[in-house]
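From first to last, the protein sequence lines are chains V and C. All letters in the first sequence, in the order written, are residues 16 to 656 by my numbering. All letters in the second sequence, in the order written, are residues 7 to 104 by my numbering. Beta carbons: idealized from backbone N, C-alpha and C, even for Gly. Predicted, not measured: the structure shown is a model, and the values here were computed from it.
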Amino acid sequence: MVDLTFEIGGPQGGGIESAGQIALRAFMLKGYRVYGTREYHSNIMGKHSYFNIRVRPDEARAPQLPADIVVALDAESVFTHYNDVGEIMVYDTGVLKTKMDRIPSMSKYLKARVQKELEENGVEPTVAGVVELLNKRGKKTVGVPLKQLLKKTSEESGVPLVSISRAINTIGLAVGMSLIGVEVEHLERAISLFFAGKRKVIHPNIVAAHIAYDYAKENFSGFHRETIPDGPHVKPERERLIVSGNDIVAMGKIAGGLRIQTYYPITPAADESLYLEKFEEFPIEQWAQEKLGIEKGGVVVVQTEDEISAINMAIGASIAGVRTATSTSGPGFSLMAEALGYAGIIEAPVVITLYMRGGPSTGMPTRNSQSDLLAALFQGHGDLPRIVLASGDHEEAFYDAIKALNWAEKYQTPVVHLLEKAIANAMKDVFNPDLSGVNIERGKIVEEPEIPFPRFQYTEDGISPRAFPGDTVVWYTSNEHDQWGRRNEDPEERIRMHDKRMKKYEIAAMEIPDEEKAKLYGDPDAPITIVGWGAVKGATLDALERLAAEGIKAKYLHLRVFMPFPSEFVSKVLNSSEKVIAIEGNALAQASMVVRMFTGIDIPHKAIKYTGRPVFVNEVVDAVKYILETNVSKVVLKDGQ
Amino acid sequence: MGIGGARKCMNCKYWRPHRFYEGIGVCTVRWPWKMTFEEDSCQYWEPLIITNPGFYWCHTCKQRVGPEEFEEHLKKGHRLYSSVYLEPEVKEELYPVE
Ligand SMILES: [Zn+2]
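Here it is, written out as structure tokens:
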């Protein structure tokens, strides 16, 4: 079975983004599923960035190492990724003499580690030294004179060099694709697709691809893998999209009837709002036009002055009666703490999409983490009912975005939808989402309300009907209030009103089925249970396959909703397991703490990662095996640059 | 002061190195600018001499240096240019970070 990893790295701004995007499309056209993890720096230009692309006939869902091939477009990529090389490294012969200490953008800590390893192996700290080391290790090293091939591209395409310098990436990429066994036709089509509408760019890049293929054939024929057979999706039975996590959350929100999104730009959340901005107006089908009496659909996207304003504006819009959400990451969510409580006490349905990056404080803006779970659960003061759910992949993220909007209105409570940078920035191919099961549930709304209206009316289920200003008169206050929304601190009324709010949480806990709160993957009778959440899912599901191949029987318990927590279901699974191992992207093992809080069960073994990088498939396999061998309680994962 | 050696683009006053790719840059002597390799040469060559305090691009450190720093970089043998070449499309490749 084809299961390969293609890594390509170079200077940020130098064309790695295009190269990665083209590679993803080429593998898709070849009929495969893809997953592209992006790593980049926060101080933007010239710093190292790379794509780790996983390719499989069935769902590709996590990064893995080693990579079958590493394409290093500059010297820094050679020094940064030589330990990632599984079989082949492509490098630029123009940088062979480059000394590592002459690379100003490279971190001194990485330099020190590499220096040490190169010294221990008796090679000099130059690109040539690394190539020598890789050859000693039996790896294939493929030197490509990128500059000369670029010149040839200019001559053959008739396009001046100055207009096509970025084709250097295409040359490096194409050599890699050729060696790994992808036909040039697929790369050509991918180039045309990615640069659609830019004929002046497409032509020289296609010329560059052919020159690179010819070069690889003439000079490294022995290094070529056999041509990869066409994947199962080469003639697609269903349309596939290639999307980032940010994109698909935005799509989910549109499908879920979002009308207003507020945000203040922050990594890695902002791209979702930028994507939504493209849909401030969109066409709708005839039947919908007739039914709704409108010609077009639309989402209002407002960039506010800060996150305090963003959430308060979203709350305001929800009071006015429309579906609203705001989107942010850790530092912005911290600013939203007070307003979260406000949304709680006035029972405003609002969705907060919270993208987790490396913290605390501004931490590592472009790096991954799962360290905001406890903040999502406990941010804000007072007893505050809320719903907290986390998505494990792009598909979950789409439907979760819709669910979050439904739950917010149904239970009139803030919903925190957690995602990670690893999902937000990863490019994945997904089948065009099936909307047949999607319903928009707006909860109790009174169309013709009495005037004035008792917004916080006591009801059996704690959920009061909503009516909106304009249709009637309603009162809202951040203070404790009576059924009319008027300030009130009477002790007995306080109990009634507080119980009413908390009752909604009980109802949500009852109504939301367990299978939406947690899901068990693999053989339910397997003695080992791996517990995880978020993007740990993809890496773990792949790891289960590999562990099974080695005779290790494990299942995966994927936690999805943390409030209300599926205590009984989780307890049942954990109590019937011989060995339980948690895998998390934070140092505290926060989800394990939540499991303990709601079930009393202490998960004895934890593999945790807090380097700011996502969990790789190989790390899960190794960690599980290591824990089984040694019975240690904690393993710290460190893979990835 | 300048970069010693033969009459190559890399030590010509009209040349600006590419921000990302080693060994290539643009010749600004005539519009439209032409991309050349650092070891190329042409009839318009003029020596790159940096003496006046000002802002320069240090291609060794891959950073802009100011009037107080530039001599320090020259002394260390760093490659200084009046400017650096950035493609207009660079923004398509950057990840905005906030
Ligand atoms: Zn310098």
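Quiz prompt | Within the stretch 325 to 356 of chain V, ranges of the beta strand (DSSP E) (whole runs, at least 3 residues) | solution = 339 to 344
Exercise. With Ala205 (chain V) as the anchor, note down where its beta strand (DSSP E) starts and where it stops.
Key: Residue 205 (chain V) sits at position 190 when you count from the first residue of the first sequence. First-last for Ala205 (chain V): Val199 to Phe209, but that is the alpha helix (DSSP H), not the beta strand (DSSP E).
Practice problem: Apply the 10 Å Cβ neighbour rule to Tyr31 (chain C) and answer buried if 16 or more other Cβ atoms are within range, or exposed otherwise. | Solution: Your numbering for residue 31 (chain C) matches position 25 in the second sequence. This sequence places Gly at residue 31 (chain C); Tyr is not what is there. With 16 or more other Cβ atoms within 10 Å, it is buried.
Quiz prompt | Shell residues, 5 angstroms Cβ cut-off relative to heavy atoms of ligand 1 | solution = C:Cys64, C:Thr66, C:Cys67, C:His79 and C:His84
Quiz item: Which chain C residues are close to Gln27 (chain V), counting only those with a beta carbon under 8 angstroms from its beta carbon?
Solution: Residue numbering aside, residue 27 (chain V) sits at position 12 when the first sequence is read from its first letter. Ordered by position in chain C, the residues that pass the 8 angstroms Cβ test against Gln27 (chain V) are Glu99, Leu100 and Tyr101.
Quiz prompt | Own chain partners of Leu4 (chain V) with C-beta closer than 8 angstroms, once the 5 adjacent residues on each side are dropped | solution = A query on residue 4 (chain V) cannot be resolved here, the shown segment of chain V reaching from 16 to 656 and no further.
Quiz item: Whose Cβ in chain C lies nearer than 7 angstroms to the Cβ of Lys162 (chain V)?
Solution: Here residue 162 (chain V) is taken as the residue at index 147 of the first sequence, counted from 1. Going along chain C in sequence order, the residues near Lys162 (chain V) (Cβ under 7 angstroms) are Gly29, Ile30 and Phe43.
Practice problem: Say whether the stretch 368 to 375 of chain V touches the stretch 38 to 54 of chain V, bearing in mind that this needs 3 or more beta-carbon pairs closer than 8 angstroms, one atom from each stretch. | Solution: no
Practice problem: Report all residues from its chain with a CB closer than 7 angstroms to the CB of His24 (chain C); omit the five preceding and five following residues, and keep chain order. | Solution: Sequence index remark: in the second sequence, residue 24 (chain C) carries index 18 (1-based). Cβ within range, chain order: Ile30, Gly31 and Tyr91.
Quiz item: For Met525 (chain V), is the classification buried or exposed, using 16 other Cβ atoms within 10 angstroms of its Cβ as the cut-off for buried?
Solution: Numbered from 1 along the first sequence, position 510 holds the residue referred to as residue 525 (chain V). In the assembly as shown, Met525 (chain V) is an exposed residue. Its beta-carbon has fewer than 16 other beta-carbons within 10 Å.
Practice problem: For His84 (chain C), collect the residues of the same chain with a Cβ closer than 7 angstroms to its Cβ; drop the 5 residues on either side in sequence, then sort them by chain order. | Solution: One-based indexing of the second sequence puts residue 84 (chain C) at position 78. Once the five neighbours on either side are set aside, the close Cβ partners of His84 (chain C) are Cys64, Thr66 and Cys67.
Quiz prompt | Own chain partners of Asn220 (chain V) with C-beta closer than 6 angstroms, once the 5 adjacent residues on each side are dropped | solution = In the first sequence, counting from the first residue as 1, residue 220 (chain V) sits at position 205. Contacts found: Ala182, Thr185 and Ile206.
Quiz item: Quick one, are the C-beta atoms of Ala9 (chain V) and Phe483 (chain V) less than 9 angstroms apart?
Solution: The requested residue 9 (chain V) does not occur in the structure, where chain V is confined to residues 16 to 656.
Quiz item: By the 10 Å Cβ neighbour count, where 16 or more other Cβ atoms means buried, how is Ile9 (chain C) classified, buried or exposed?
Solution: If you number the second sequence from 1, residue 9 (chain C) lands on position 3. Reliability of the predicted coordinates at Ile9 (chain C) is poor, the pLDDT of 49 falling under 50, and the value obtained from them is presented with this limitation in mind. With 16 or more other Cβ atoms within 10 Å, it is buried.
Self-check item: Minimum C-alpha distance to Ala231 (chain V) - residue among V:Met266, V:Ile217, V:Met192 and V:His573
Solution: Counting from one through the first sequence, the residue named residue 231 (chain V) turns up at place 216. Looking at the Cα atoms, V:Met192 is the closest of the given residues.
Quiz prompt | Residues of the stretch 265 to 292 of chain V with Cβ closer than 7 angstroms to any Cβ of chain C, in chain order | solution = Answer set for the stretch 265 to 292 of chain V: Pro280, Ile281, Thr282 and Ala285.
Quiz item: Would you say Glu77 (chain C) and Pro59 (chain C) are within 9 angstroms of each other, going by their C-beta atoms?
Solution: Residue numbering aside, residue 77 (chain C) sits at position 71 when the second sequence is read from its first letter. Residue numbering aside, residue 59 (chain C) sits at position 53 when the second sequence is read from its first letter. In contact: Glu77 (chain C) and Pro59 (chain C) (Cβ atoms closer than 9 angstroms).
Exercise. From the DSSP output, in three-state form, read off Trp548 (chain V) for me.
Key: Along the first sequence, one-based indexing puts residue 548 (chain V) at 533. Correct three-state label for Trp548 (chain V): strand.
Quiz item: Regarding Gln304 (chain V) and ligand 2, is the C-beta to nearest heavy atom distance less than 8 angstroms?
Solution: In terms of ligand content, the structure shown lacks ligand 2 and carries ligand 1 instead.
Quiz item: With 16 other CB atoms within 10 Å as the buried threshold, where does His496 (chain V) fall?
Solution: By one-based count along the first sequence, residue 496 (chain V) stands at place 481. The residue in question, His496 (chain V), is buried, as its Cβ has 16 or more Cβ neighbours within 10 Å.
Quiz item: What separation, rounded to the nearest whole angstrom, lies between the Cα atoms of Ile226 (chain V) and Phe631 (chain V)?
Solution: Sequence index remark: in the first sequence, residue 226 (chain V) carries index 211 (1-based). Sequence index remark: in the first sequence, residue 631 (chain V) carries index 616 (1-based). Between Ile226 (chain V) and Phe631 (chain V), the C-alpha separation is close to 34 angstroms.
Quiz item: Once you ignore the five residues that flank Arg255 (chain V) on each side, which residues in its own chain have a CB closer than 8 angstroms to its CB?
Solution: One-based indexing of the first sequence puts residue 255 (chain V) at position 240. These residues qualify, in order along the chain: Met43, His248, Asp444, Val445, Phe446 and Asn447.
Quiz item: What did DSSP end up calling Met41 (chain C) once you bin it into helix, strand or coil?
Solution: In the second sequence, residue 41 (chain C) corresponds to position 35, counting from 1. In the structure shown, Met41 (chain C) sits in a strand (DSSP, three-state: E or B).
Quiz item: From this set, V:Ala352, V:Ile179 and V:Leu556, which residue's C-alpha is nearest Lys213 (chain V)'s C-alpha?
Solution: Working through the first sequence from its first residue, we reach residue 213 (chain V) at position 198. Nearest C-alpha to Lys213 (chain V): V:Ile179.
Quiz prompt | Spatial distance of Tyr279 (chain V) from Ile326 (chain V) (CA atoms) | solution = If you number the first sequence from 1, residue 279 (chain V) lands on position 264. If you number the first sequence from 1, residue 326 (chain V) lands on position 311. C-alpha separation (whole angstroms): 10 angstroms.
Exercise. List the endpoints of the continuous alpha helix (DSSP H) containing Thr474 (chain V).
Key: Within the first sequence, residue 474 (chain V) is the residue found at index 459, counting from 1. Thr474 (chain V) -> no alpha helix (DSSP H), and no H or E assigned at all.
Practice problem: Give me the Cα-Cα distance between Ser57 (chain V) and Ala90 (chain V), rounded to the nearest whole angstrom. | Solution: As a working mapping, residue 57 (chain V) is identified with position 42 in the first sequence. As a working mapping, residue 90 (chain V) is identified with position 75 in the first sequence. Distance between the alpha carbons of Ser57 (chain V) and Ala90 (chain V): 20 angstroms.
Practice problem: For Met7 (chain C), collect the residues of the same chain with a Cβ closer than 8 angstroms to its Cβ; drop the 5 residues on either side in sequence, then sort them by chain order. | Solution: Working through the second sequence from its first residue, we reach residue 7 (chain C) at position 1. At Met7 (chain C) the pLDDT is 39, less than 50, meaning the model places this residue with poor confidence and gives no usable figure here.
Quiz item: Is any beta-carbon of chain C found at less than 9 angstroms from that of Glu435 (chain V)?
Solution: The residue you call residue 435 (chain V) lines up with position 420 of the first sequence. Judged by the 9 angstroms Cβ criterion, Glu435 (chain V) is not in contact with chain C.
Self-check item: Nearest to Ala523 (chain V) (by Cα), restricted to the options V:Val317, V:Ala564, V:Pro400 and V:Leu562
Solution: Position 508 of the first sequence, counted from the first residue, corresponds to residue 523 (chain V). When only C-alpha atoms are compared, the closest one is V:Pro400.
Exercise. Could you tell me which residues DSSP pairs with Phe66 (chain V) in its beta bridges?
Key: Along the first sequence, read from residue 1 onward, the residue named residue 66 (chain V) stands at position 51. Phe66 (chain V) pairs with V:Ile23 and V:Arg53.
Exercise. Below 7 angstroms between beta carbons is the criterion; list the residues of the stretch 363 to 381 of chain V that meet it against any residue of chain C, in chain order.
Key: Pro380 and Thr381
Practice problem: Go through its chain and collect everything with a Cβ distance to Lys40 (chain C)'s Cβ below 7 angstroms, but skip five positions before and after it. | Solution: Walking along the second sequence from the start, residue 40 (chain C) turns up at place 34. Cβ within range, chain order: Val32 and Cys33.
Exercise. Measuring alpha carbon to alpha carbon, tell me which of V:Phe471, V:Lys624 and V:Ala391 ends up nearest Pro579 (chain V).
Key: On the first sequence, position 564 is the one that residue 579 (chain V) refers to. The residue with the shortest Cα to Cα distance from Pro579 (chain V) is V:Ala391.
Practice problem: With distances taken Cα to Cα, identify the nearest neighbour of Ile438 (chain V) among V:Pro380, V:Gly137 and V:Ala550. | Solution: In the first sequence, the residue the question calls residue 438 (chain V) occupies position 423. Residue V:Ala550 is the option with its Cα nearest to Ile438 (chain V).
Exercise. For Phe468 (chain V), count neighbouring C-beta atoms within 10 Å of its own C-beta (all shown protein chains included) and say buried if the count is 16 or more, exposed if not.
Key: As a working mapping, residue 468 (chain V) is identified with position 453 in the first sequence. Label assigned to Phe468 (chain V): buried.
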